[in-house]
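Presented below is the structure to which this report refers.
Residue numbers (our numbering): 1 to 651.
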């Protein structure tokens with residue numbers, strides 16, 4: 001029975017109830033707005049009708065065809081608004097329609113964004129339910145009424161405008177479109193003179209969705225036939241409003257109105273105002289509307305202000321490369337250089353787009369970085385042998401001094417990709433007191449995609465480095481690999497050294513979650529934690545301690561290719577071996593302090609983690625805090641075995 005009330009014509013609904021305080025306040029606002037605006041008098045047949053509905057909606061519950069806006073894991077609220085209420089809009093006024101939407105939103109328990117999207121879809125569907133005297137006019141009436149809904153005004157304005165835009169896009173709602181344009185034009189005038197309040201973004205959307213023109217505004221101003229009018233008065237009014245927006249620094253809204261009404265009288269001074277206020281998006285939007293001359297001015301202004309990225313984006317998006325070839329090239333070269341410095345050579349190569357000049361520059365960067373195999377690779381791939389003499393260039397470019405493998409007394413680098421060699425390596429490593437551990441994997445530059453599997457693990461002793469092909473060993477015999485690495489990583493008698501090893505620990509667990517060897521680690525020392533202010537990563541630390549840094553150009557190379565190049569093998573071996581040598585120097589190395597003597601010994605023993613749990617099992621936040629607190633408590637006193645090992649490493 002209650003559902004049927006929604007289909008009763010509004011004018012016939014009685015009012016026999018005294019309004020409560022809240023309903024009375026809303027009714028007062030509605031009555032004032034109704035008297036102030038003749039259009040609302042047409043929309044609101046009886047003030048008493050509204051507080052009847054306010055009270056009904058706040059007390060009644062409907063149990064048929066509910067429209068729920070609740071999370072699935074939460075209990076549904078007993079008060080829900082029936083779909084039947086909006087299944088026929090032929091006798092429902094805009095105020096009732098909006099209030100029903102408000103009730104749906106108010107009693108939903110899911111997040112605001114989710115509720116908004118559901119209501120947006122529902123509002124679009126409701127426009128098919130014969131709103132009178134047409135969908136476009138009905139929405140225009142709603143926009144007149146919405147300011148009385150206060151905090152819901154802006155959100156619901158965007159909601160119903162978006163629904164109407166979708167509705168019109170599929171070819172519906174053409175009934176009464178001319179009248180709707182005039183209503184929207186009057187709405188624009190009411191907003192401009194302050195009679196109604198809508199946000200600036202809503203105002204722009206109203207003009208766009210109703211396609212309001214200057215002639216529509218002229219018609220709305222004089223309520224006369226458009227014929228014979230020049231729209232000059234409407235244009236002056238719009239320009240005055242735009243001037244007010246500029247004075248209040250609402251540049252984006254001002255630009256949107258200039259573009260919508262095709263007003264092109266603003267000069268370069270307007271552009272400079274936007275740049276001074278750092279309104280770059282508005283400046284680019286306006287320059288694009290004005291055309292090539294202003295776009296070129298914008299590029300020059302960006303360059304003068306040292307905003308090269310903005311200048312490059314404008315050049316690229318508006319096809320101005322011929323006008324600014326030097327700026328375009330300089331920016332592309334700067335991007336290539338940054339990628340090269342990060343070791344992202346594959347990404348840099350992909351961004352060349354067959355530009356020979358940029359290709360030559362990339363070869364130069366590879367040569368400068370000492371990345372000779374990349375130079376040879378590029379020359380061979382793009383047939384560049386004739387364009388430059390590689391040997392002469394190599395001699396002309398100043399070379400950087402980097403740490404070499406033979407300087408660390410490494411006698412042998414052993415590639416391990418078979419079970420027998422893995423077992424031999426494990427036995428050898430178990431006899432060591434200290435080893436350096438590092439991992440490498442192929443970088444993944446595709447945004448949002450998961451990282452690649454760890455490809456290799458390097459384990460270095462004093463004079464030998466084992467490089468384990470994890471991909472092949474795991475594919476051949478995961479159980480043997482698990483057993484061998486467990487003997488090493490879980491051993492309390494072998495101190496494992498790493499640098500920022502938490503990253504490797506996480507990546508190993510993601511790559512080989514089935515293996516028990518990566519679930520936890522015993523006797524691990526992260527060298528990065530020993531130093532208060534590490535700069536330049538492991539290479540910077542090596543330079544600080546050993547006097548020479550590492551060449552990191554191959555850091556982001558393809559570690560999944562087989563066989564690895566000799567340069568890749570040397571790079572991988574160095575990363576693990578240098579950890580052992582840095583550790584050997586730590587006990588005798590001093591760093592500046594605030595003490596009188598100026599230096600103190602580096603404390604490293606307290607940084608040894610006797611046990612690190614890397615289990616992927618899900619635990620509650622409370623349990624995680626408890627475990628962290630326990631770990632900190634357990635860290636203070638070192639075990640006898642840990643003390644013995646540290647004493648042995650000092651001898």
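C-beta: ideal position from N, C-alpha, C; glycine also.
Residues of the same chain with a CB within less than 6 Å of the CB of residue 451, apart from the 5 flanking positions on each side, are 444 in chain order. Residue 139 sits in a helix when the DSSP states are folded into three classes. For residue 436, the uninterrupted beta strand (DSSP E) segment begins and ends at 434 to 441.
In the DSSP assignment, no residue is bridged to residue 199.
Your pair residue 575 and residue 538 checks out as a contact, with CB atoms roughly 7 Å apart and the cut at 8 Å.
According to the DSSP assignment, residue 98 belongs to the alpha helix (DSSP H) that extends over 94 to 107. A direct Cα-to-Cα measurement between residue 585 and residue 604 gives close to 12 Å. Less than 8 Å divides the Cβ of residue 365 from the Cβ of residue 337. Per DSSP, the unbroken alpha helix (DSSP H) holding residue 125 starts and ends at 112 to 126. The alpha-carbon of residue 381 is positioned some 20 Å away from that of residue 560. Under DSSP, residue 549 takes part in a beta bridge, and its partners are 402. The region 221 to 283 is shown to contain whole alpha helix (DSSP H) runs of 4 or more residues at 232 to 247, 251 to 260 and 268 to 276, in chain order.
If you look at residue 369, you'll find it isn't in any beta strand (DSSP E); DSSP assigns it neither H nor E.
Buried is the label assigned to residue 131, since at least 16 other Cβ atoms lie within 10 Å of its Cβ. Residue state for residue 613 is assigned as strand, using DSSP reduced to three classes. Residue pairing by DSSP places residue 498 opposite 526 in a beta bridge.
Residue pairing from DSSP places residue 464 in a beta bridge opposite 412. For a cut-off of 8 Å, the C-beta gap from residue 610 to residue 522 is around 7 Å, short enough to register as a contact. Partner residues in the beta bridge of residue 458, as assigned by DSSP, are 438 and 467.
DSSP lists 612 as the beta-bridge partner residues of residue 521.
Within 10 angstroms of the beta-carbon of residue 272 lie fewer than 16 other beta-carbons, which makes it exposed. Linking residue 216 to residue 328 through their CA atoms gives a straight-line distance of about 44 Å. For residue 181, the enclosing alpha helix (DSSP H) stretches over residues 177 to 192.
The beta carbons of residue 279 and residue 252 sit about 7 Å from each other, so the pair counts as a contact at 8 Å. Your pair residue 465 and residue 577 checks out as a contact, with CB atoms roughly 5 Å apart and the cut at 8 Å. Here residue 417 carries a coil assignment [DSSP, helix/strand/coil]. Pairing residue 497 with residue 435 gives a Cβ-Cβ distance under 8 Å. Taking a cut-off of 8 Å for Cβ pairs, the region 541 to 557 and the region 314 to 332 do not touch, as fewer than three such pairs fall below it. Taking a contact to require three or more Cβ pairs closer than 8 Å, the region 103 to 118 and the region 127 to 141 do not qualify as touching.
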